[in-house]
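Numbering (our numbering), first residue to last: 35 to 238. Cβ coordinates follow ideal geometry from the N, Cα and C atoms, glycine included. Keep in mind it's a predicted model, so treat the numbers as computed, not measured. Report on one structure; see the data block that follows.
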């Protein structure tokens, strides 16, 4: 029957895995968390404890743990390898190894933390900035802080009778001809009856 005693697991949450000739491998993080577990602790319980200690609930999630698993003992030297823990079944391997290798009383894990992704696909790590399209003071566009904002290229449009050049007035364009227009918000064309009448007269 498995022992129900609790014990401490060192959980590294930064740094990397370094291969060593003598011991096999080690974790480079010098400031690990101390998490108390027992053989009935589930994978989700361990994840929750780590995120609570770090104060990262809702901001980060644990993708997996790397376990510094003992594989051989030669005199006073324990050689380690790396074992990935991502489920309750994987976690039981750590409990089993602790019983089989009494020389290693404190297991070590390295937590792989990733950003929590919202339902819209955005990561909590990315901030959002608001940029205004050139030539308009009232049409903001939303862009990620890591993605540049581009003004869309002017597309050719078909005009049934005329084309408007806001700098030079009315262009001499035949009906149905493809012309290039730059659409700019101008209240004077929409509000001035005189300009609208002049445009229609010149078009016909």
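Beta strand (DSSP E) segment containing residue i, residue limits
| i | result |
| --- | --- |
| residue 151 | Residue 151 -> no beta strand (DSSP E), and no H or E assigned at all. |
| residue 53 | 51–54 |
| residue 46 | 41–46 |
Terminal residues of the alpha helix (DSSP H) in which residue i lies
| i | result |
| --- | --- |
| residue 125 | 122–134 |
| residue 138 | Where residue 138 is concerned, there is no enclosing alpha helix (DSSP H), given that its DSSP letter is neither H nor E. |
| residue 60 | Segment 58–61 is the beta strand (DSSP E) holding residue 60; no alpha helix (DSSP H) there. |
Cβ neighbour criterion (16 or more within 10 Å) applied to residue i
| i | result |
| --- | --- |
| residue 143 | buried |
| residue 86 | exposed |
| residue 82 | exposed |
| residue 80 | buried |
| residue 71 | buried |
| residue 45 | buried |
| residue 151 | exposed |
| residue 190 | Summary for residue 190: the model assigns pLDDT 48, below 50, so the residue's position carries little reliability; its value from the coordinates is reported in the next sentence. Flag for residue 190 reads exposed. |
| residue 105 | exposed |
Selected residue, minimal CA-CA separation from residue i, among the options
| i | options | result |
| --- | --- | --- |
| residue 140 | 69, 56, 108 | 69 |
| residue 112 | 59, 72, 123 | 59 |
| residue 43 | 102, 148, 90 | 102 |
| residue 100 | 107, 135, 121, 134 | 121 |
Rounded C-alpha distance that separates residue i from residue j
| i | j | result |
| --- | --- | --- |
| residue 97 | residue 109 | 36 Å |
| residue 137 | residue 124 | 21 Å |
| residue 48 | residue 95 | 14 Å |
| residue 73 | residue 40 | 8 Å |
| residue 55 | residue 92 | 39 Å |
| residue 57 | residue 76 | 29 Å |
| residue 126 | residue 53 | 25 Å |
| residue 88 | residue 67 | 9 Å |
| residue 63 | residue 148 | 17 Å |
| residue 115 | residue 128 | 12 Å |
| residue 146 | residue 117 | 13 Å |
| residue 38 | residue 78 | 18 Å |
| residue 51 | residue 61 | 5 Å |
| residue 135 | residue 119 | 18 Å |
| residue 90 | residue 131 | 29 Å |
Where residue i sits in the DSSP three-state scheme
| i | result |
| --- | --- |
| residue 110 | coil |
| residue 143 | strand |
| residue 80 | helix |
| residue 94 | strand |
| residue 87 | helix |
| residue 75 | coil |
| residue 66 | coil |
| residue 217 | Confidence in residue 217 is poor, its pLDDT being 47 and thus under 50, which makes the residue's placement too unreliable to answer from. |
Check: residue i C-beta below 7 Å from any heavy atom of the ligand ATP
| i | result |
| --- | --- |
| residue 43 | As presented, the structure is devoid of all ligands, the ligand ATP included, so that no description of it is given. |
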